[in-house]
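From first to last, the protein sequence lines stand for chains A, B, C and D. The first sequence begins at 1 in the UniProt record's numbering and counts up by one. The second sequence begins at 1 in the UniProt record's numbering and counts up by one. The third sequence begins at 1 in the UniProt record's numbering and counts up by one. The fourth sequence begins at 1 in the UniProt record's numbering and counts up by one. Virtual Cβ for every residue (Gly too), placed ideally from N, Cα, C. All values reported here derive from a predicted model rather than from experimental measurement. Worksheet: the structure to be examined is printed underneath.
Number of protein chains: 4
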Amino acid sequence: MTTSHRSPRRSERSRRAILDAARDLVVEHGYAKVGIEAIATRAGVGKQTIYRWWPSKGAVVFEAVRALSEDSDGEITLPDTGDLEADLKLVLRATAAEFADPAFDALIRGLTTEMAHDRELAAAYEEHTAALEDAKRQRLRSGQRAGQLSPDADLDLVLELLYAPLFRRWLLRTGPLTADFADRLVEAALRAFAPAAEVSAP
Amino acid sequence: MTTSHRSPRRSERSRRAILDAARDLVVEHGYAKVGIEAIATRAGVGKQTIYRWWPSKGAVVFEAVRALSEDSDGEITLPDTGDLEADLKLVLRATAAEFADPAFDALIRGLTTEMAHDRELAAAYEEHTAALEDAKRQRLRSGQRAGQLSPDADLDLVLELLYAPLFRRWLLRTGPLTADFADRLVEAALRAFAPAAEVSAP
Amino acid sequence: MTTSHRSPRRSERSRRAILDAARDLVVEHGYAKVGIEAIATRAGVGKQTIYRWWPSKGAVVFEAVRALSEDSDGEITLPDTGDLEADLKLVLRATAAEFADPAFDALIRGLTTEMAHDRELAAAYEEHTAALEDAKRQRLRSGQRAGQLSPDADLDLVLELLYAPLFRRWLLRTGPLTADFADRLVEAALRAFAPAAEVSAP
Amino acid sequence: MTTSHRSPRRSERSRRAILDAARDLVVEHGYAKVGIEAIATRAGVGKQTIYRWWPSKGAVVFEAVRALSEDSDGEITLPDTGDLEADLKLVLRATAAEFADPAFDALIRGLTTEMAHDRELAAAYEEHTAALEDAKRQRLRSGQRAGQLSPDADLDLVLELLYAPLFRRWLLRTGPLTADFADRLVEAALRAFAPAAEVSAP
DNA sequence: GCGTAAACGAGACGGTACGTCCCGTCTTGTG
DNA sequence: CACAAGACGGGACGTACCGTCTCGTTTACGC
């Protein structure tokens, strides 16, 4: 169990204070330099109150991140204007911009490297992003039905082609996360899974 | 400077012992659970002998990893049978297999997440892999000349399309690293940058 | 106030359970290693129920000890056969044996060292043993009247000479608590306060 | 091993700072309220430097106390004017005064109660006071030879009669530690072991 | 070959953070 | 409203390593 089970006895005030402290400290000093003690002190909370409800620093930060996106989570919908390429470019540009934001980077980078070592944390994160992944697949499927993707395209593979290069550039800082890069990724992926050329009718 | 400058006074025996100890300990217990003290003890060496020549644990492990591939490093050549697709599949399958090897994984995973936080280490690693990257680019260019890739394909982008999905699957364990996956990556990338179809003259 | 004021609302069942748990735990693990939480848990009681009625662990254990000797406390009478020496030897031998009993030792040792630091607890204990002290003094006075002690002997000093060496040997484990030791203490004290030798009239 | 083995590597500066801090803190706040962390902080020392050389807080304070009396320790000699009673009164009065000194009390009280629970510490203390005990016994023996004590008096028992009442009054605060009390103890003990009355020569 | 300066093993040092323990108080239902 | 249950802020515990800093002791060069 990575995330904390709510309990009627639990102090909501402390929970919020811990998550806020964790978020702020990580943004300020970076994931690695933040410890449980610092979070507890900043939150005005005993260490035990953290250990009681979370198994690790990763779990706390993870929940802090999740709490950020929780408000708007009601329903995830990606743009669907009918133009798959345009829509994907919009989304990937936004993703690239997000990765390029220092505050977001500070929060998410440490969490990501932590997930590379902690399978439980990774599983929790996957669960958290499942809805978003689904929405992405839905949009691709819609494009597929509209004849903008090959009918037998593996949509998961398409997603990996779109996002993995972005992810790798961000994590390893091997290249800039520009709108142009996002555009070219979309173009390449769509070319790779373009529907077969039509045969002109006689 | 991440790697150590050699000196005539330096004890080669200690250097080897430290690198071996670092490699073995990381493979045994994982990067995060290995500390400088443990490396020094296992190597039968004073801590200072490590701090004298390396700036961080990452640098030691990095050099330990580099030492592994140092023997065969004289000249890197990728297969070039004339069939770009076949050659790339060979290479990517090998890469996938390497990532799937537990010992390699243990060594390289911690180093990778460390690079995500330590720019110096990342720079050193990039330098170390520059030759290999070059070789990959060369093979693509050769294929390009042979008409198996569009003349205006961005070869770096092709490499990212090929390797980033592999990297991400490996790091985040989001999917299996099979030969089939490697094949499909190669096929997709080549389709994305296929040369323009010839228009038959009427 | 060291001891608890009784109240009609108070649960006698809880009170007994707490005292029993305290006694048992102290005998099992020693005074220092027993905490309020352990007592509460063993007694099947909330911590607050302890804090509501007792000010400290010392007070609980003290009352637990007192409860042991409460049954027989109606009237304290020391033996008075007319032979002071014999009677005192009997009593001191019994005291020595009591100190030598491991269960008694475990209970009383921690309480004693606590009293060395907590004046309130010490006062409460003194009050508790006042009747016994009185009885001892009575027996000495009786012997004094019978001409077995000097008429101007300071009976409190006699008691200190009798009991302090026993107490010190027990607390600091500086010697065995044997019947022989008890006997020799009695003999020495009585010699020290023997009535003046009669001068035979010529 | 309760006390610390000296080592050439050991920092004398740290050792002194720790003992001084321990002594001062105990005198200021009392044994029970002083912890290892406070000692380390006051001494400007890492906790580990304490744990490296001492097994417990008791051992540190014990050594701090011992260090106090170390200077004058060359040779212990008790006064021997030929008048045993006068000499003993001098010594016991001094002891009573020492116990009554608040700074000494603070230091020694906690240590004493600790010894009641920690046999190792008690053994170390006994060793430390062995020379003094010997000197006391010597003085008694000298008085014995001078015909001021019965030839078959058990000198250890005499010492217990002299010191135990003082000790008990001090520890349990059951009476004042006055010069008068010291005098009366000496008188009582000497009466108890007075040599047999001489037979007047005809 | 012989000083001498470095690099060495060893490990003590001042620190920081860990995760656990228990304190005494506070809060939340239940009987 | 006393009770059981137990969460809470607080803070000390003893451990593990960090990176720095002496200690003698090799060791291999320049004289």
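Simplified DSSP state of residue i, which is helix, strand or coil
| i | result |
| --- | --- |
| C:Ala76 | In the sequence on display, residue 76 of chain C carries Ile and not Ala. If DSSP states are grouped into helix, strand and coil, C:Ile76 belongs with coil. |
| D:Val186 | helix |
| B:Met1 | Here the model assigns B:Met1 a pLDDT of 42, short of 50, so the residue's position is not dependable, and the following value carries that caveat. Coil. |
| A:Pro8 | coil |
| residue 205 of chain B | Beyond the ends of chain B as shown, which are 1 and 202, falls residue 205 of chain B; an answer cannot be given. |
| A:Val91 | helix |
| B:Trp54 | coil |
| D:Thr41 | helix |
| D:Asp105 | helix |
| D:Asp24 | helix |
| D:Ala97 | helix |
| C:Ala197 | coil |
| B:Val61 | helix |
| A:Gly110 | helix |
| A:Thr81 | coil |
| B:Ile18 | helix |
Other residues of its chain near residue i: CB distance less than 8 Å, five sequence neighbours each side excluded
| i | result |
| --- | --- |
| B:Glu37 | Lys47 |
| B:Arg168 | Thr174 |
| D:Leu166 | Leu92, Thr95, Ala96, Phe99, Leu177, Phe181, Ala182 and Leu185 |
| D:Asp156 | Arg137 |
| A:Gln144 | Ser150, Pro151, Ala153 and Leu155 |
| D:Ala103 | Val27 |
Short Cβ contact (9 Å threshold) for residue i with residue j
| i | j | result |
| --- | --- | --- |
| A:Asp80 | A:Arg173 | no |
| C:Ala122 | C:Val158 | no |
| B:Ala146 | B:Thr77 | no |
| A:Ala189 | A:Leu161 | yes |
| D:Ala43 | D:Ala59 | no |
| D:Ala96 | D:Ala179 | yes |
| A:Ala197 | B:Ala197 | yes |
| B:Ser111 | B:Val61 | Checking the displayed sequence, the identity of residue 111 of chain B turns out to be Leu instead of Ser. Contact flag set, yes. |
| B:Gly68 | B:Arg109 | A small correction: the amino acid at residue 68 of chain B is Leu; Gly does not occupy that position in the sequence shown. Not a contact, by the Cβ cut-off of 9 Å. |
| B:Thr113 | A:His117 | yes |
Chain-order list of residues whose beta-carbon lies under 7 Å from that of residue i (same chain, five-residue window excluded)
| i | result |
| --- | --- |
| A:Met1 | Its pLDDT being 43, under 50, A:Met1 is placed unreliably in this model, and the coordinates cannot settle the point. |
| B:Arg66 | His128 |
| B:Lys89 | Ala182, Asp183 and Val186 |
| C:Ala64 | Leu19, Ala22 and Arg23 |
| B:Met115 | Leu121, Ala122 and Tyr125 |
| A:Val45 | Ser14, Ala17 and Ile18 |
| A:Ala32 | Gly110 |
| C:Ser142 | Asp80 |
| C:Ala194 | Ser150 |
| D:Ile39 | Ile18, Ala21, Ala22, Leu25, Ile50 and Val60 |
Closer than 8 Å: residue i CB and nearest the ligand NAP heavy atom
| i | result |
| --- | --- |
| A:Arg173 | Looking for the ligand NAP in the displayed structure turns up nothing, as the structure carries no ligands at all. |
Cut-off 6 Å between Cβ atoms - residues of its own chain near residue i, not counting five sequence neighbours on either side
| i | result |
| --- | --- |
| D:Asp101 | none |
For the region 5-20 of chain C and the region 120-129 of chain B, state whether three or more C-beta atom pairs, one from each stretch, are separated by less than 8 Å. They do not touch, by the three-pair rule.
Given 8 Å as the limit, is there contact between the region 22-29 of chain A and the region 75-85 of chain A, that is, 3 or more CB pairs closer than that? By the criterion of at least three beta-carbon pairs nearer than 8 Å, the region 22-29 of chain A is not in contact with the region 75-85 of chain A.
Could you name each continuous beta strand (DSSP E) segment of 3 residues or more that falls completely within the region 134-193 of chain D, going from the start of the chain to the end? Considered as a whole, the region 134-193 of chain D harbours no complete run of any beta strand (DSSP E) with no fewer than 3 residues.
Is the region 148-157 of chain B touching the region 49-56 of chain B, taking contact as three or more C-beta pairs under 8 Å? Output reads no: the region 49-56 of chain B does not touch the region 148-157 of chain B.
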